[in-house]
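Input: a single structure, listed below in structure tokens.
In this note's numbering, the protein residues as written are 4 to 190.
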């Protein structure tokens, strides 16, 4: 779900450009959410107010070639995830937030593997809780993590290069590198 909207495979919504504002429906060929993306995802959200989580990836469906999530001048009542909800990602995840207000931010997924690197850029944004370069409750980011905070960004709690309850690297001997850059802002 995206805000109060729900997914539908109704062809009439597709013919309306993919959005039925009156009935709050978004068109998808696979409305059940368990579909996978064999290519890459680029998602841009701008000048919006959202009452739920934002996921750059799928809901239990994998993404096979990376994700780019750009959120600009937007208020999100809950959490931003660069990856999906229990859907693995192969390839890199790049998340850029500019002028965003949100509760929490994860460059990775809620609970899934990221077989690649994550990059999180937060510019001139307000985060009421914490920022994480990795995943939330489960899964591994197998390669490197880079978190960069710039400008007037304000994080009310903590900034973590890794995940919340999730790991970075595939073993104890992993060569994964976690980098956190802070150029201005307040933590």
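Where a beta carbon is used, it is the ideal one built from N, C-alpha and C, also for glycine. Every value quoted in this text rests on a predicted model; they were computed, and no experiment measured them.
- For residue 16, the enclosing alpha helix (DSSP H) has its first and last residue at 14-18.
- One Cα belongs to residue 152, the other to residue 121, and the distance between them is close to 14 Å.
- Residue 108 and residue 56 have their C-alpha atoms roughly 10 Å apart.
- Here the alpha carbons of residue 13 and residue 51 stand approximately 25 Å from one another.
- Judged by their CB atoms, residue 143 and residue 105 are not nearer to each other than the 9 Å cut-off.
- Distances from the CA of residue 189 to each of 139, 168, 132 were compared; the closest alpha carbon is that of 132.
- Within the same chain, 39, 40, 43, 44, 60, 86, 87, 90, 91, 92, 93, 94 come within 8 Å of residue 66 by CB-CB distance, once the 5 residues on both sides are set aside.
- In the three-state scheme derived from DSSP, where H, G and I count as helix and E and B as strand, residue 103 is classed as coil.
- For residue 153, the beta-bridge partners assigned by DSSP are 126, 186.
- When only Cα atoms are considered, residue 74 and residue 141 end up about 24 Å apart.
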